[in-house]
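Novice:
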Amino acid sequence: MAEVLVLVEHADGEPKKITAELLTLARSLGEASAVFLGAPGTYEKAREFLAEYGASKVYVVESDDVVDYVVAPVAEVLAKLVTDVSPTAVLTAATAEAREAAARTAAKTGSGLLWDAVAVAADLTATQGIFGGSTIVTSKVTKGTPIFVVRPNTTAPEAAPTTPVTENVHITISDAAKSAKILDRVVEAKSGRPDLTEAQIVVSGGRGLGAAEHFTLVEKLADSLGAAVGASRAATDAGWYPHQQQVGQTGKTVSPQLYVAVGISGAIQHRAGMQTSKTIVAINKDPEAPIFEFADYGVVGDLFNVVPQLTEAIEKRKG
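Take the position in the sequence shown, starting the count at 1, then add 20; the result is the number in our numbering.
1. Taking DSSP as the reference, what is the three-state secondary structure of residue 113?
2. Since residue 53 and residue 24 are thought to touch, with beta carbons under 8 angstroms apart, how far apart are those beta carbons, to the nearest angstrom?
3. List the whole-angstrom C-beta distance separating residue 201 from residue 331, where the pair is believed to meet the contact cut-off of C-beta under 8 angstroms.
4. Since residue 296 contacts residue 138 with CB under 8 angstroms, what's their CB separation in whole angstroms?
5. What's the C-alpha gap between residue 253 and residue 290?
6. How is residue 49 classed by DSSP in three states: helix, strand or coil?
7. Pick helix, strand or coil for residue 35, following the three-state DSSP scheme.
8. Just to confirm the assignment, what range does the beta strand (DSSP E) spanning residue 319 have?
9. Residue 60 to residue 188, Cα distance in whole Å?
10. Between 172, 140, 181, 134, which has its C-alpha nearest residue 161's C-alpha?
11. I'd like the list of long-range same chain contacts for residue 262, defined as Cβ closer than 6 angstroms, with 5 residues on each side in sequence excluded.
12. Does DSSP classify residue 120 as helix, strand or coil?
13. Compute the Euclidean distance between the alpha carbons of residue 249 and residue 90, then round it to the nearest angstrom.
14. Would DSSP call residue 261 helix, strand or coil?
15. With distance defined between alpha-carbon atoms, name the residue in 26, 57, 174 nearest to residue 47.
16. Using only CA atoms, which one of 238, 256, 270 lies nearest to residue 302?
17. Answer yes or no: do residue 181 and residue 67 have a C-beta to C-beta separation smaller than 9 angstroms?
18. Around the Cβ of residue 69, are there at least 16 other Cβ atoms within 10 angstroms (buried) or fewer (exposed)?
19. Find out if the Cβ-Cβ distance for the pair residue 77, residue 99 is shorter than 9 angstroms.
20. Given this structure, state the Cα-to-Cα distance separating residue 113 from residue 173, to the nearest angstrom.
21. Taking only three categories from DSSP, how would you classify residue 218?
22. Name the DSSP beta bridge partners of residue 303, please?
23. Grab me the residues of residue 191's own chain with a C-beta within less than 8 angstroms of its C-beta, minus the 5 sequence neighbours each way, in chain order.
24. In angstroms, rounded to a whole number, what distance separates the CA positions of residue 206 and residue 264?
25. Report yes if the C-beta distance between residue 147 and residue 158 is below 9 angstroms; otherwise report no.
26. Residue range of the beta strand (DSSP E) that residue 80 falls in?
27. Classify residue 136 as buried or exposed, calling it buried when 16 or more other Cβ atoms lie within 10 Å of its own Cβ.
28. Any chance you could list the beta strand (DSSP E) runs of at least 3 consecutive residues sitting entirely within the region 224-259, in chain order?
29. Which residue or residues does DSSP assign as beta-bridge partners of residue 155?
30. CA-CA distance, residue 246 and residue 324?
31. Short of 6 angstroms in beta carbon distance, which residues of its chain neighbour residue 198, apart from the five on each side in sequence? Order them along the chain.
32. Starting from the Cα of residue 272, find the closest Cα among 258, 288, 293 and give me that residue.
33. Quick one: what's got a C-beta closer than 6 angstroms to residue 29's C-beta in the same chain, skipping five residues either side?
34. To the nearest angstrom, report how far apart residue 313 and residue 279 are at their CA atoms.
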């Protein structure tokens with residue numbers, strides 16, 4: 021069975037949930053082989069996780085040369101593996117760095133790249149949303165090794181314990197790939213809520229909230245559900261919520277099990293970032309709001325009445 025390479029997403033060696041999803045998807049396409057790139061000594065933290073989710077082999081590069089520079093060294097490693105291993109496919113997460121690494125790898129290897137896949141079939145046909153998510157298409161790579169950038173929360177992670185073979189990859193990173201060096205890293209303060217792109221439940225607020233202080237309604241509802249908090253572009257542009265929490269075509273793409281949109285009209289820009297959510301609930305006082313066209317459940321009403329009542333009802337059920 022041919023290998024399917026999975027670029028491991030991790031934080032200092034601790035794999036992220038999307039890695040489990042990608043390994044699960046890879047096993048449906050061939051033999052899952054993880055590609056771990058990190059600082060010296062970080063792979064040991066990931067070994068057990070990768071084994072739990074079915075990595076038959078792990079290609080390891082532990083070097084400051086791949087973590088101290090911007091993206092390009094990652095692409096050089098992936099390109100080398102594509103050339104040496106001739107995998108069936110390469111899977112990466114739809115994160116900013118992985119997207120760029122995938123694109124660079126495709127260019128280096130003369131391969132086709134399929135962006136924002138929400139599913140990949142056994143025949144390597146990908147399902148994608150295009151034109152801002154307004155149209156769903158199926159696509160297939162016709163040249164080189166198919167490289168897929170996969171949206172988070174589109175594959176349910178399933179454990180399949182293995183004892184992976186570890187192969188240390190020796191590669192000299194070119195001077196060109198080291199032209200942009202990372203001088204400092206700042207760890208973002210955590211709020212205690214789930215990460216937006218990995219959360220199973222997301223509650224987002226939009227222009228309908230009217231002011232920054234009203235986002236407390238969204239936060240209280242999110243906390244009652246154990247959810248992440250998102251915001252529309254209109255809300256972040258108005259300074260009501262941090263830009264890093266923006267959901268949409270120019271923000272983050274989410275695909276949780278439940279997405280609750282509070283005071284969001286559902287413009288195409290926002291829709292592109294959340295329409296693959298499994299269940300979408302919209303709360304808006306305008307019955308003609310575009311979001312009701314694709315929401316699974318809609319509540320037409322004043323969010324300042326609906327949201328507190330919903331939060332109270334959830335808390336009572338939990339109690």
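The C-beta atom is built at its ideal place from N, Cα and C for all residues, glycine as well. In this text the structure is predicted, and so the values were computed from the model without any measurement.
Specialist: Considering the structure as presented:
1. Looking at residue 113 - three-state DSSP - the assignment turns out to be strand.
2. 7 angstroms
3. With 8 angstroms as the limit, residue 201 and residue 331 do not qualify as a contact, their Cβ atoms being about 47 angstroms apart.
4. 5 angstroms
5. 7 angstroms
6. coil
7. strand
8. 317-320
9. One C-alpha to the other measures close to 12 angstroms.
10. Ranking the options by Cα distance to residue 161, first place goes to 134.
11. none
12. helix
13. 29 angstroms
14. coil
15. 26
16. 238
17. no
18. buried
19. no
20. 10 angstroms
21. Residue 218 falls in the coil class under three-state DSSP.
22. 282, 319
23. Around residue 191: 81, 96, 97, 100.
24. 14 angstroms
25. yes
26. Note, residue 80: beta strand (DSSP E), 77-82.
27. buried
28. 248-251
29. 150
30. 21 angstroms
31. 89
32. 293
33. 36, 38, 39, 113
34. If you draw a straight line from the Cα of residue 313 to the Cα of residue 279, it is about 15 angstroms long.
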